Structures are given as structure tokens and as C-alpha cells.
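Under our numbering, think of the first position of the sequence shown as 559, with each following residue one higher. First comes the structure, then the notes that go with it.
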Amino acid sequence: MYDPDPPFRPIRRPDGYLPLEDLGLIGDGTTAALVGLDGTIPWMCLPRFDSDPVFCALLDHARGGHFTVTPENLREARQRYEPDTGVLHTELRSDTGLVRVTDALVLRSGADLSDDAPSGRGELVRSVLVLEGRVRLRVEVEPRGGAQAHHLYSGLEVRPARNERLRLHLRSNRPLDGLRSVQELERGDRLDLVLSWGRFHRHHRFDPDAMLHQTADAWRRWMRSCDYAGPQEALVRRAAITLKLCDDWANGSLVAAPTSSLPAPIGGVRNWDYRYAWIRDAAFAVFALRRIGFGGEADAFLGWVLDAFERSRRPRIMYTLDGDRVPEETEDAGLEGYRGSAPVRWGNGAADQRQHDVYGEILDCADQWLRRGGEIQPAMWASLAGLADAAVHSWRRPDQGLWEIRGEGRPFTHSVGLCQVALDRAAQIAERYGLPGNVGQWRREAGRLRELILERSWDEDAQTLSVYMDGGGVLDASLLNLPLRQVVPVDHPRMVATTRAVAERLSAGDGLLYRYLHDDHPDGLPGSEGAFVLCSFWMVDNLTGQGRLDEAEELYASLCSRASPLGLLSEQIDPTTGAFMGNAPQAFSHIGTIASGVNLERARGASR
559 MYDPDPPFRP
569 IRRPDGYLPL
579 EDLGLIGDGT
589 TAALVGLDGT
599 IPWMCLPRFD
609 SDPVFCALLD
619 HARGGHFTVT
629 PENLREARQR
639 YEPDTGVLHT
649 ELRSDTGLVR
659 VTDALVLRSG
669 ADLSDDAPSG
679 RGELVRSVLV
689 LEGRVRLRVE
699 VEPRGGAQAH
709 HLYSGLEVRP
719 ARNERLRLHL
729 RSNRPLDGLR
739 SVQELERGDR
749 LDLVLSWGRF
759 HRHHRFDPDA
769 MLHQTADAWR
779 RWMRSCDYAG
789 PQEALVRRAA
799 ITLKLCDDWA
809 NGSLVAAPTS
819 SLPAPIGGVR
829 NWDYRYAWIR
839 DAAFAVFALR
849 RIGFGGEADA
859 FLGWVLDAFE
869 RSRRPRIMYT
879 LDGDRVPEET
889 EDAGLEGYRG
899 SAPVRWGNGA
909 ADQRQHDVYG
919 EILDCADQWL
929 RRGGEIQPAM
939 WASLAGLADA
949 AVHSWRRPDQ
959 GLWEIRGEGR
969 PFTHSVGLCQ
979 VALDRAAQIA
989 ERYGLPGNVG
999 QWRREAGRLR
1009 ELILERSWDE
1019 DAQTLSVYMD
1029 GGGVLDASLL
1039 NLPLRQVVPV
1049 DHPRMVATTR
1059 AVAERLSAGD
1069 GLLYRYLHDD
1079 HPDGLPGSEG
1089 AFVLCSFWMV
1099 DNLTGQGRLD
1109 EAEELYASLC
1119 SRASPLGLLS
1129 EQIDPTTGAF
1139 MGNAPQAFSH
1149 IGTIASGVNL
1159 ERARGASR
């Protein structure tokens, strides 16, 4: 549960790894790092989110590499964010003393995070203050594969063995003999460490305290735009910051998660690289962020979607942060995987899958862009109109669906629903702005697809819509998304019945939902998985739309209580233990936190 002032707790390392809920996130809009409850940084990719990781102990505690700052004989620790910022404090208690490590990927002085521009300095600050007693502080900087270091200017130049073109520079307010050292400190003493890359700041004044203050101030200025006063306000504000930490500020894109290959479940093979930008994630993020005051970020996401589509000249489900093609999926045999869960993967093999929902996502983004005063040139409109024309026929063809199954394609109801969205939004755009196109056909087909979903997907015996358009009563939580995208009315009797069926048959207990049951809905991969967090937030939205506000609020509170003490959420949750599973922090889960909170706030306001 999110706790701005959490108690200390023991350090756990099952199989040599910290639990995912014991990791904090810092970032600068270009890359991100995870900071462990034990004072380690086991994950950081440089210079970008999708670069090769310099520190990768998250995926191999022995060989992955890490940046550790921790007292010897560590007993317990706690983590908390500086309020309304991306600056993280980790307090570590040893047998002899207590230290506080403040971590941040620091921002430029006066940075305006609402600008669609880079704000990072290319520097990591780790600032240690001894609060009580005396400590022997262990400092280790170990890039994956090792590194060469030599004294240069005011610190150490570090050349990682796996990427000699990446030049790191480590500075400190105390002498460093090498990449491993022990500092003996007592109450009131400080150790400041600054790791730089790219354009070094080695000739600049060494002032980590000022850098941290400037970074915190930039975050607080950005958070002044937050306009939310609904349930779980503190957690929703933290969710907004988490999404911003997953945002590429220069391009306007959003990584699905800043990590790769975190398994769902432990020991399974469902280990994917999420350091790329999915069109559907951007569409959901736009909807959530705009409603709490962050219109600039929403517009940046919309612009990125349209630019990526225009550059690729074909609809892709995901792109690199620059809008280019995602690399081919490869397996890294040099890493054992989190808690021994191989394989570790880089790139993503789903990038070229056929997923018809992308038509609806792109056209919905275009519709929102225009409603916000954006403009679309004739050539772009011709491409968008071509998507609508394709959606007229594509829905009949099997695809891999929202969940990117690795097996044989099927005619997914959700995919047909998003083709309906594509046709509906295209017709609205053309009618509103007098643009050319097969408007009459789009409008007719949109209406027909809505009726087909309600008729052909409906299973009378099971009393539910089905995951496939040919019925059969097989369930998938993606059906809960249909009313959220205005495909079918949320209070339609068949949607109400489907909501009930999903709650009963896909329940993982205590408000959690599986996205589907693998025995009923094979996806081409062995094993099972955990409960998918976003699906439960969709259930909150359906209950809210159906006027069942007490149930919705109870479920929402239950889901929010599953956040880590830092207010972070993973992609999935183990329904037996409550442990995080899958890539984390997961943008989808934080989008759900925001969107469902807003829906509840507005519904309660309307009912008063």
C-alpha cells in the first residue's frame, strides 16, 4: 500500500533478488533507473530507455552489474519520494548507524517539464547523509561485463567493457581509489556521487545539493497543473509522476514499462521487452492525463502517434521512442533472468503482428488531436481515410488481438470493436471538418459492426459476449474495454451481463481478474500467468458506468491498496501472494489508477 512515510522493513532477497515491490523508479525523460530498497541500482539503460543496460543485476544478480551504495551489516530500510517529485530517498539502517541515500536523474536548472523538449542533464546523483551513528559505507560501480577506470580531471573515467563508446564519468566529494571502495562515515558526514554520460559536466562546479533542489523544484512546478480531487488523491498524483517518468520528453512517446523480461510468472517464459511505445498505450494515456490537467503531455502523445504513423506509412502496433521500427526479438543467453526466469529478451517479436485494434487507436488519436485544435494536412488525412477503408474489410480477418497471442490468429471481438472505433471516428472527423472520404459507408459499417458484436459474439447459454466473433461463451477481460471506447453502451443489457460473467468467471480473488483462462483461450505459450491489473480497473469503470458506485469504489480502493509503499504498480499481481509480476512499473496500471479515479469522481459529483 502506498505510504508517503512508510515504516522500516527487513531486506528480502528471494533467490538473490529484491521483490519487484521493493524497487523505486527515477528518470529524466530520456532514461530511467530502478533503485532498490537495499541501496543498489540494479537497472539502468544508457543513454536511452531502450539502450543496452549498463546496470542489469535485475536480470542476473551475479553477472548483470549494479551501482551499490549501502552500509555494511544492513538490517532494514525504507523508501519514500520527496513529495510531488521524482526524487527518491532510501533510508538504510545497519547495526551501527542510519544513512539516507537521495537518488535522482537530475534535471536542468529551471527546466519546464510541460515543454516537449529534453530536460535531463545526463547525470545520476547519489547523495548520502549519515543520520545516526557510524557506518562503513560500501560503494561499488560495476557495469555489466566489467569496466576500465582511470583518474581523469576531478574523478574517474569509466569505460564499460560491453560499450566502449559509452564514456562515463564518476565524481565525488571524497577521494575514490577505484570503482570499489569503503567509506567510513559518522553522523552528519556526506558522500556525494555524480555519474555523468554523454556531455560531461566534469569542468562544472560540483554541487549535487543544488542539482537535487533544482530537480525537485522542476517536478513541483509541473505538478501544479494536476487537477484532481477524487478518491485516492495521493496515489493518483503519484501515478501521474510515474507516467511522466515513463515518458520520452523529447519525442512525446511513452514506454509501456522501463524494463525488459520481468517474468509473469516466476520461472515462466512470458518475458517480454516493454521499452517501446505502443499506440494503444498512448491512446489510453491521452485519455487519462488530459482529465487531470496534463493537456500538454496528452497532445505530445497524440502528435507522436500521428508522426509515427506518417513515417512508417503503415499502421504498426508499436514503435521505438523515435517512431522507428522495433528491433527483432533476440534472446540473451548471458543473463539468467529475474530469479532464474530465462530467457531474457531484447526487441519484441510482436511488433509486426496483425492487430486490427491499431486502426481504431490511430483514428481515435487523430479525432482527439483535431478536437484539441490540431491540424491534419491533406496527405495525412488521405492516409487516415485509407485506414478507415481498410477497417471496413480487415475485421473479417483473424488477428493476434489485444494481448498479442503467439499462437494462431482468431476473429477477436475486441479487434472488431476497435475497427468500429476507426470507422466511427473517421466518419465524425470527415463530417465535422468537411473532409473527403467514404463517409456514408464508414457510418453504415460502424453501426453494423456494433450490432454484429452484440449479436454474433453473444452466447445465449453462457449469457455473455464472447472473446471471439463466432460466439462460444469464452471470456476475455478485453470485452470490458468495449464500452470504454464507446463501441457498445455500458448499460446495454448484454454488456451488463458480460460484466457480471467476467467478474465471476475470470476472478482471481479479492477483486483481481485474469485477462483470460488459458485452458479456454490458448495463446501459443506454455504455463499460466497472474492477474492483470488494468483489467480490474476496467471493471471499476464498467461498474461506475452502470451506476454501481459503491461496488466500484470498494473495488477501486482494493486495487489501490495493492500499490507498493512507493505507489508503484506492476503489470500483473500474483493472486496468491500479492507479489508483483511482469514488467514494472507498468504504464497501463498507472493509467488505470488515474482514469478510474476520475470516472468515480465525476460519477459521484453527478449523483449528488
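Here a beta-carbon is modelled for each residue, glycine too, at the ideal position from N, C-alpha and C. Source: prediction; values computed, not measured.
Query, Result
"If you draw a straight line from the C-alpha of D947 to the C-alpha of R796, how long is it?", "41 Å"
"Comparing C-alpha positions only, which one of A856, R621, L1012 sits nearest to A931?", "Residue identity check: residue 931 is Gly in the sequence provided, not Ala. Residue A856 is the option with its Cα nearest to G931."
"Tell me, which residues are paired with W755 by DSSP?", "L726"
"If you draw a straight line from the C-alpha of L1040 to the C-alpha of H972, how long is it?", "7 Å"
"Should the segment 1146-1158 be called in touch with the segment 659-673, which here means at least 3 C-beta pairs below 8 Å?", "no"
"Assuming the contact rule is C-beta atoms closer than 8 Å, A924 and R983 should be a hit. Round their C-beta distance to whole Å, please.", "7 Å"
"Nearest to L921 by alpha carbon, out of A909, W939, R912, G965?", "W939"
"Can you tell me the Cβ-Cβ gap for A841 and E919, rounded? I've got them flagged as a contact below 8 Å.", "5 Å"
"Using the Cβ count rule (16 or more neighbours within 10 Å means buried), how would you classify Y877?", "buried"
"Counting pairs of beta carbons, one from the segment 725-732 and one from the segment 773-783, are three or more of them closer than 8 Å?", "no"
"Our contact map puts L976 next to R1043 with C-beta atoms below 8 Å; I'd like the distance itself, whole angstroms only.", "7 Å"
"Please work out which residues of its chain come closer than 8 Å, Cβ to Cβ, to R570, disregarding the five sequence neighbours upstream and downstream, and give them in chain order.", "L576, P577, D580"
"Tell me which residue opens and which closes the beta strand (DSSP E) that S685 is part of.", "678-700"
"Within 10 angstroms of its Cβ, does S870 collect 16 or more other Cβ (buried), or is it exposed?", "exposed"
"Beta carbon of L617, beta carbon of S739: below 9 Å?", "no"
"Would you mind reading off the limits of the beta strand (DSSP E) that contains T878?", "From DSSP, T878 is part of no beta strand (DSSP E); its letter is neither H nor E."
"Please check if any C-beta of chain D sits within less than 9 Å of the C-beta of A591.", "Absent from the structure: chain D. Only one protein chain is present."
"Taking the alpha-carbon positions, what's the A591 to L1126 distance?", "14 Å"
"Rounded C-beta distance between T1102 and A1059? I'm assuming under 8 Å.", "Incorrect: roughly 18 Å between the Cβ atoms, too far for contact."
"Using the Cβ count rule (16 or more neighbours within 10 Å means buried), how would you classify M559?", "exposed"
"Relative to the alpha-carbon of V627, which residue among S685, Q790, C784 has its alpha-carbon at the smallest distance?", "S685"
"Below 9 Å between beta carbons: does that hold for S1122 and N1141?", "no"
"For S1065, write down the residues that DSSP places opposite it in a beta bridge.", "L1071"
"So, S754 versus R679, is the Cβ gap smaller than 9 Å?", "yes"
"Going by DSSP, what residue range makes up the beta strand (DSSP E) through W939?", "Careful: W939 lies outside any beta strand (DSSP E), inside the alpha helix (DSSP H) at 936-952."
"Inspect the CB distances between the segment 796-805 and the segment 820-838 and report whether three or more fall short of 8 Å.", "no"
"I'd like the span of the alpha helix (DSSP H) that includes C614, first residue to last.", "Run containing C614: none; DSSP gives neither H nor E here."
"Between L1083 and the rest of its own chain, which residues show a CB-CB distance below 7 Å, the 5 nearest in sequence each way excluded?", "V827, R828, R964"
"Candidates L860, R838, C614: which alpha carbon is nearest R848's?", "L860"
"My parser needs the alpha helix (DSSP H) runs of 4 or more residues fully inside the segment 775-845; what are they?", "791-803"
"Just tell me which of Y991, L737, L751, V974 has its CA closest to the CA of H709.", "L737"
"Tell me which residue opens and which closes the beta strand (DSSP E) that S652 is part of.", "646-652"
"Can you tell me whether Y1114 is helix, strand or coil according to DSSP?", "helix"
"Can you name the start and end residues of the beta strand (DSSP E) that R633 belongs to?", "632-639"
"Please state if the CB of T654 and the CB of G594 are separated by a distance shorter than 9 Å.", "no"
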